[in-house]
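Asker:
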Amino acid sequence: MADATPRSRHPPSWADIPRDLAGMVLRRLPACADRARFAAVCPQWRAAARELPLPPPLPLLALPDGTFYSLPHGKPFRFPGSGCAGYKSACGGRWLVFSRDDGCFLVDPFAGATVALPPLSPVRLRPPNAVAKYVRLPGLSNVSMFHPYATWMHIQDPEKMPVINKVILCSPNLVAAFAGSTLVNAGNNSQIIVCQPGASSWSVRANDKCKLFEDMAFYQGKIYTIARDENLLVVNISQDPTTGDPQISRIGQVIKGDLAHSTDTPDDAKWKKKLYLVELGGALLMVCRKVCFRMAGETLVAGQSNFEVFKADLEHSQWVNVTTLGDDHMLFLGRSCSRAMSASQYGMPGDQIFFLDDVTENCKQYSYDEETTSVSVYNMRSGEVSSPLPMIWKHEMIHATWLFPWD
Numbered sequence: 126m127a128d129a130t131p132r133s134r135h136p137p138s139w140a141d142i143p144r145d146l147a148g149m150v151l152r153r154l155p156a157c158a159d160r161a162r163f164a165a166v167c168p169q170w171r172a173a174a175r176e177l178p179l180p181p182p183l184p185l186l187a188l189p190d191g192t193f194y195s196l197p198h199g200k201p202f203r204f205p206g207s208g209c210a211g212y213k214s215a216c217g218g219r220w221l222v223f224s225r226d227d228g229c230f231l232v233d234p235f236a237g238a239t240v241a242l243p244p245l246s247p248v249r250l251r252p253p254n255a256v257a258k259y260v261r262l263p264g265l266s267n268v269s270m271f272h273p274y275a276t277w278m279h280i281q282d283p284e285k286m287p288v289i290n291k292v293i294l295c296s297p298n299l300v301a302a303f304a305g306s307t308l309v310n311a312g313n314n315s316q317i318i319v320c321q322p323g324a325s326s327w328s329v330r331a332n333d334k335c336k337l338f339e340d341m342a343f344y345q346g347k348i349y350t351i352a353r354d355e356n357l358l359v360v361n362i363s364q365d366p367t368t369g370d371p372q373i374s375r376i377g378q379v380i381k382g383d384l385a386h387s388t389d390t391p392d393d394a395k396w397k398k399k400l401y402l403v404e405l406g407g408a409l410l411m412v413c414r415k416v417c418f419r420m421a422g423e424t425l426v427a428g429q430s431n432f433e434v435f436k437a438d439l440e441h442s443q444w445v446n447v448t449t450l451g452d453d454h455m456l457f458l459g460r461s462c463s464r465a466m467s468a469s470q471y472g473m474p475g476d477q478i479f480f481l482d483d484v485t486e487n488c489k490q491y492s493y494d495e496e497t498t499s500v501s502v503y504n505m506r507s508g509e510v511s512s513p514l515p516m517i518w519k520h521e522m523i524h525a526t527w528l529f530p531w532d
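Using the working numbering, you'd call the opening residue of the sequence shown number 126 and step up by one each time.
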């Protein structure tokens, strides 16, 4: 008589789920933190998260105290250790920028890699014998002004050492940035500087006119930068014949800004403008954020932000107004990094702009309405602003940035 006793079986293990089923689960986890938790369960799930073709996760929001937020969640977390705290900016969506007395360095919080950058003093001048030129003001024998305009030689005064405002890692052999310093009677002036990672110094065209640069982008193999007057400039790079290091051969205007356009605001309101460059679908966009504000006694109080979007028509040297991003596109705007992403793969509506209150000069210019949040979303169709996260920081500007782990 056959043995009727059932054979013992090992209970099924979650580690044994089919690879295609693991992929279905992962595709429903748009948050970077959720995918990390999935991969931490067991080696099999870790391999699935690493090897399966997946859409990129939603970006992380990084704060300078080392705190991170993983969209769409509102719960903060930290990377192991404290190596992410104290950054001054971000580079390219993946690198955090730290500064020291002897230079700067980039840190990849996901892989732990670092890239060394030189300090802002000394800087290789082009021409090497450039000197600052001043002119005496009539009737004021003890007062002089730069002449005919502010240059790097003026803003690199040791008492007002320039700071790096934007960094782009263009290639393994080229880093570009614009650095500036606030000068009396000159405003917030900047100039473009370049270097090779690991080099001992930056290179700058010392006698070029400083500009009020707002943003910079590496687009189709070229460096573009936007000034506050909405002029789009292209930065041509060559090699130093002596050292082989990158240097700027020319900065040319490719689009002249048209300041005639404006966003409708209430009769008693005015606005301040912030410009961003971002690539979308092979096109270079200028996003104009206009912060409406009103007077409350002697105080400027900021309210809602409105947006206008323009595409760079490089062939005809003009900005072309864009009324929609498209049903499947959304933008993430930040002073350190901006990026376009597909919306449908996350089950999110398109035609939206996520933006941060990360513009540090704002805190010196105006205060905020109570309802203003630190992370907001602008709907291009309705013009409405909402908040995807609870209030993270309030009524003060910090160097918050988006990070894109898949870069």
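All residues carry an ideal CB built from backbone N, CA and C; glycine is no exception.
Return yes when the Cβ of residue 251 is within less than 8 Å of the Cβ of residue 529, no when it is not.
Answerer: For the purposes of this step, residue 529 is taken as residue 404 along the sequence shown, with counting starting at 1. For the purposes of this step, residue 251 is taken as residue 126 along the sequence shown, with counting starting at 1. Going by C-beta atoms, residue 529 is not nearer than 8 Å to residue 251.
Asker: With a floor of 3 residues, list each beta strand (DSSP E) that falls wholly inside the segment 354-418, ordered by position along the chain.
Answerer: Complete beta strand (DSSP E) runs here, min 3: 357-364, 371-380, 395-405.
Asker: Answer yes if the segment 418-425 comes into contact with the segment 363-383, meaning at least three C-beta pairs across the two stretches below 8 Å, and no otherwise.
Answerer: Output reads no: the segment 418-425 does not touch the segment 363-383.
Asker: Quick one, are the C-beta atoms of residue 204 and residue 181 less than 8 Å apart?
Answerer: Walking along the sequence shown from the start, residue 204 turns up at place 79. Walking along the sequence shown from the start, residue 181 turns up at place 56. No, Cβ-Cβ distance for residue 204 and residue 181 is not below 8 Å.
Asker: What residues match up with residue 205 in a beta bridge as DSSP calls it?
Answerer: Translated into positions along the sequence shown, residue 205 becomes position 80. DSSP lists no partner for residue 205.
Asker: How do the segment 447-461 and the segment 402-418 stand: do at least 3 beta-carbon pairs fall below 8 Å, yes or no?
Answerer: In short, these stretches touch, since the Cβ pair count reaches three.
Asker: Around the C-beta of residue 281, are 16 or more other C-beta atoms found within 10 angstroms, so that it is buried, or is it exposed?
Answerer: Reading the sequence shown from its first residue, position 156 is the one you call residue 281. Buried, by the Cβ-count rule.
Asker: So for residue 157, helix, strand or coil by DSSP?
Answerer: In the sequence shown, residue 157 corresponds to position 32, counting from 1. Helix, per DSSP.
Asker: Taking residue 450 as the reference, give the member of 499, 278, 503, 461 with the closest Cα.
Answerer: Here residue 450 refers to the residue found at position 325 when the sequence shown is read from its first residue. Residue 450 has its Cα closest to that of 503, out of 499, 278, 503, 461.
Asker: Exposed or buried, which one is residue 383 when buried takes at least 16 other CB atoms within 10 Å?
Answerer: In the sequence shown, the residue the question calls residue 383 occupies position 258. Exposed: under 16 other Cβ atoms inside 10 Å.
Asker: Mind the definition here: the segment 237-254 touches the segment 289-305 only if three or more C-beta pairs lie below 8 Å; say whether that holds.
Answerer: Cβ pair count under 8 Å is three or more, so yes.
Asker: Is it right to say residue 238 is buried, meaning 16 or more other beta carbons lie within 10 angstroms of its own, or is it exposed?
Answerer: Position 113 of the sequence shown, counted from the start, is the residue given in the question as residue 238. Its Cβ having fewer than 16 others within 10 Å, residue 238 is exposed.
Asker: Using beta-carbon positions only, say whether residue 468 and residue 459 come within less than 8 Å of one another.
Answerer: Residue 468 sits at position 343 when you count from the first residue of the sequence shown. Residue 459 sits at position 334 when you count from the first residue of the sequence shown. No; because the gap between Cβ atoms is not below 8 Å, this pair is not in contact.
Asker: Between the alpha carbons of residue 148 and residue 430, how many angstroms are there, rounded?
Answerer: Sequence index remark: in the sequence shown, residue 148 carries index 23 (1-based). Sequence index remark: in the sequence shown, residue 430 carries index 305 (1-based). One C-alpha to the other measures close to 39 Å.
Asker: Apart from the five residues on each side of it in sequence, which residues of its chain come closer than 8 Å, Cβ to Cβ, to residue 262?
Answerer: Taking the first residue of the sequence shown as 1, we reach residue 262 at position 137. Excluding residues within five positions, the ones whose Cβ falls inside 8 Å are 268, 269, 270.
Asker: Helix, strand or coil for residue 166? Go by DSSP, reduced to three states.
Answerer: One-based indexing of the sequence shown puts residue 166 at position 41. Three-state result, residue 166: coil.
Asker: Under 8 Å between the Cβ atoms of residue 183 and residue 201?
Answerer: Residue numbering aside, residue 183 sits at position 58 when the sequence shown is read from its first letter. Residue numbering aside, residue 201 sits at position 76 when the sequence shown is read from its first letter. No. Outside cutoff.
Asker: Roughly how many whole angstroms lie between the Cα atoms of residue 438 and residue 477?
Answerer: Start at 1 with the first residue of the sequence shown, and residue 438 comes out as number 313. Start at 1 with the first residue of the sequence shown, and residue 477 comes out as number 352. Spanning the two alpha carbons is a distance of roughly 23 Å.
Asker: Answer yes or no: do residue 427 and residue 187 have a C-beta to C-beta separation smaller than 8 Å?
Answerer: Along the sequence shown, one-based indexing puts residue 427 at 302. Along the sequence shown, one-based indexing puts residue 187 at 62. Not a contact, by the Cβ cut-off of 8 Å.
Asker: How about residue 338 and residue 315: are their beta carbons less than 8 Å apart?
Answerer: As a working note, residue 338 is residue 213 in the sequence shown. As a working note, residue 315 is residue 190 in the sequence shown. Yes; because the gap between Cβ atoms is below 8 Å, this pair is in contact.
Asker: When you compare only the Cα positions, how much space is there between residue 442 and residue 336?
Answerer: To locate residue 442, count along the sequence shown from 1; it is residue 317. To locate residue 336, count along the sequence shown from 1; it is residue 211. About 20 Å.
Asker: Please state whether DSSP places residue 145 in a helix, a strand or coil.
Answerer: Your numbering for residue 145 matches position 20 in the sequence shown. Here residue 145 sits in helix by DSSP.
Asker: By Cβ distance below 7 Å, which residues in the same chain neighbour residue 259 in space, the five residues on each side in sequence not counted?
Answerer: Position 134 of the sequence shown, counting from 1, holds the residue named residue 259. Within the same chain, residue 259 has close Cβ partners 269, 270, 271, 272.
Asker: Determine the burial state of residue 482: buried for a count of at least 16 other Cβ atoms within 10 Å of its Cβ, exposed for fewer.
Answerer: Along the sequence shown, read from residue 1 onward, the residue named residue 482 stands at position 357. Buried, by the Cβ-count rule.
Asker: With DSSP as the reference, label residue 517 as helix, strand or coil.
Answerer: Along the sequence shown, one-based indexing puts residue 517 at 392. If DSSP states are grouped into helix, strand and coil, residue 517 belongs with coil.
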